[in-house]
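Asker: Sharing a structure, written as C-alpha cells. Questions coming.
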Amino acid sequence: MLIIALAVVGGGVVVFISFGFGRANVQRAPVVTETPVIVVPPGPRSWLDGTPLAGGAAQPIAAAIVVDNAPEAQPQSGLADAPLVFEVPVEGGRTRFVVIMPVGAGTQPIGPVRSARPYFIGLAQAIGVPLVHVGGSDAAMTILRRSGWPHVNQYFDPPFWRDVRRPSPFNVYTAASNLGAFVQSQGWEDRLRASAGSLWQYADGDGTSGVDDALARLPFDRRRYVVEWDYDVDAGVYIRFQGGSLHRVRSGSDEREVRAANVVVLQVRSRVLDAIGRLEIPALEPSVQPTGTPQAAAVFTGGRRIDGTWNWNMGGQPRFQLLQPDGSPIALRPGTTWVEFVDFSIKNF
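Pasting the structure below:
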C-alpha cells in the first residue's frame with residue numbers, strides 16, 4: 001500500500017510517502033540518469049558536518065556519546081544539537097544512539113548516557129573519537145581494557161551527573177564542556193585531532209541524481225521503534241517521527257523536533273548472541289574492516305533518494321564509501337546527518 005500525503009509541520013509543507021510492509025508491487029518514479037555534477041565546497045570544512053570552518057579555526061575534537069532510546073529515556077537531551085548521530089539496533093528490538101558531539105563548549109545536558117556494546121566501540125574507533133558510556137557488556141569492557149582506546153566511563157570518570165528527577169538508570173547526563181575538560185586533562189587532544197578525518201563527500205546545492213522520495217518506514221520493531229523521516233520542502237530538512245509521533249527532544253530548557261539535512265540508511269548483518277538478545281554486528285565490531293562485498297545503502301538528501309552501496313574506506317578518506325550503482329560517489333549536503341543502521345531483515349525502507 002502506498003500512502004502519499006501533504007501536511008503542515010511548523011509552518012512548512014512536509015512531503016510524506018509511507019510504504020507498507022508489502023511494498024514489492026509499488027512502482028517508483030523513474031531514476032534520473034544524468035551524471036551528477038559534484039561541486040567541491042571551497043575552503044576548509046568541518047569533518048563533522050561539512051560546514052565551513054571560520055578562518056583559521058582548527059578541526060573540532062568530538063566524542064561518541066551512547067544515548068538511550070528506551071521509552072523511559074525520552075525525551076532525550078542534546079540530540080537536536082548534534083551534527084552527526086548514528087542509530088544502531090540493540091537487544092530487545094530497541095535502538096540506541098551514538099551521538100557525535102564536539103567537545104569543549106556548551107553546558108547543555110546530553111543523555112541519558114547508557115552502556116557500551118562492542119559495535120559502539122568499533123564505530124568510535126572508525127570515526128576516531130573517544131566513547132562516552134556508563135559501563136557496558138562484558139565483551140565491550142574487555143575490548144576497551146585490552147585496546148587502550150580512549151573512553152570515558154561514568155563508573156570511574158568525573159564528567160557526568162545524575163538527574164534525580166528521572167529514574168535510574170535513565171538519569172545519567174554529561175555536557176560538551178565537561179567532556180572537553182576531561183579530554184584536556186587526559187592529554188588526548190593531539191591524538192584525537194590526528195585521528196579525525198572526513199567521513200563523507202559533500203556537495204553544495206543540487207548536484208545529485210536519484211528519485212523524488214521521502215523516507216519510508218524503518219521498522220526496528222513494529223511498534224515503538226518504527227522510524228519515519230519526512231521531508232519539509234520549505235525548510236529543506238527531514239523531520240523525525242518515532243512510533244507514529246513527532247520525535248521531540250530537549251535542547252537546554254526547550255523542546256525541539258529532530259531535523260537532519262541528510263538521512264543515510266546503511267544495511268548491516270546482525271545475529272543474536274545470548275538469551276538477553278545482545279547482538280553481534282560484524283561490520284561495526286572492532287577493528288572495523290571493509291566488509292568484502294559492499295552492502296546496500298540509501299541516501300536521502302534534498303528530497304531525493306539515491307540507492308547504492310556502502311563500505312568502509314579505512315586508511316583513506318572519506319571513511320565511509322558511498323557509491324551509486326555506476327561507481328560514482330554519493331555526496332551529502334553540508335549540515336546535520338543521521339545514519340540509520342538497519343538489519344538485512346528490514347527489506348523495504
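Mapped onto the numbering used here, the consecutive letters of the sequence shown carry residue numbers 1 to 349. Just so you know, even glycine gets a beta-carbon here, dropped at the ideal spot from N, CA and C.
1. Going by Cα to Cα distance, which pick from G92, D68, Q108, V288 is closest to V98?
2. Per DSSP, what are the beta-bridge partners of F340 in this structure?
3. Rounded to whole angstroms, what is the Cα-Cα separation between S198 and E228?
4. Between which two residues does the alpha helix (DSSP H) containing R114 stretch?
5. DSSP state of L53, grouped into three classes?
6. Enumerate, from N- to C-terminal direction, the unbroken beta strand (DSSP E) stretches of 3 or more residues contained entirely within the stretch 273–315.
7. From the DSSP secondary-structure annotation, give me the bridge partner or partners of E257.
8. Going by DSSP, what residues sit across from P130 in a beta bridge?
9. What does the alpha-carbon distance come out to for the pair F86 and Q242?
10. Could you tell me the distance, in whole angstroms, from the CA atom of G106 to the CA atom of G252?
11. Across which residues does DSSP place G136 in a beta bridge pair?
12. Based on the DSSP secondary-structure assignment, which residues constitute the bridge partners of W229?
13. Cβ of G136 within 8 angstroms of Cβ of D221?
14. At which residues does the alpha helix (DSSP H) containing D190 begin and terminate?
15. At which residues does the beta strand (DSSP E) containing N69 begin and terminate?
16. If distances are taken between C-alpha atoms only, which option among L53, P294, A70, L79 comes closest to D254?
17. For P118 and R240, I'd like the C-alpha separation in whole angstroms.
18. From I121 to M101, what does the alpha carbon distance come to, in whole angstroms?
19. Strictly under 8 angstroms for the Cβ-Cβ distance: is L131 near chain C by that measure?
20. Nearest-angstrom Cα distance between E280 and G56?
21. Grouping DSSP H, G and I as helix and E and B as strand, with all else coil, what is V183?
22. In whole angstroms, give me the CA-to-CA distance for E91 and V288.
23. With a CB to CB cut of under 6 angstroms and the five nearest residues on each side skipped, what residues in its chain are close to V263?
24. State yes or no: is the C-beta of A261 within less than 8 angstroms of the C-beta of R305?
25. Using a threshold of 8 angstroms, state whether the C-beta atoms of F341 and V226 are closer than that.
26. Which one or two residues does DSSP pair with D212 in a beta bridge?
27. Sort out for me which residues DSSP pairs L218 with in a bridge.
28. Out of G308, D343, M314, point me to the one whose CA is closest to D326's CA.
29. What beta strand (DSSP E) runs, 3 residues minimum, are completely inside the stretch 144–179?
30. For H247 versus V258, is the C-beta distance shorter than 8 angstroms?
31. Counting pairs of Cβ atoms below 8 angstroms between the stretch 60–75 and the stretch 107–115, do you hit three or more?
32. Please say whether M314 and P286 have beta carbons closer to each other than 8 angstroms?
33. Is it right to say Y173 is buried, meaning 16 or more other beta carbons lie within 10 angstroms of its own, or is it exposed?
34. In three-state terms, what does DSSP make of T95?
35. Should G277 be labelled buried (16 or more other beta-carbon atoms within 10 Å of its own) or exposed?
Answerer: Let me spell this out:
1. D68
2. For the sequence presented, residue 340 should be read as Glu rather than Phe. E340 is bridged to E87, V265.
3. 27 angstroms
4. Careful: R114 lies outside any alpha helix (DSSP H) and carries neither H nor E.
5. coil
6. 295–301, 304–312
7. R248
8. None, per the DSSP bridge assignment.
9. 15 angstroms
10. 10 angstroms
11. A116
12. R240
13. no
14. 189–195
15. Neither: N69 is in no beta strand (DSSP E) and is coded neither H nor E.
16. L79
17. 27 angstroms
18. 16 angstroms
19. Given the protein chain composition of this structure (a single chain), no chain C is represented.
20. 42 angstroms
21. helix
22. 21 angstroms
23. L215, W229, Y238, F300, W338
24. no
25. no
26. R304
27. V227
28. G308
29. 151–153
30. yes
31. yes
32. no
33. buried
34. strand
35. exposed
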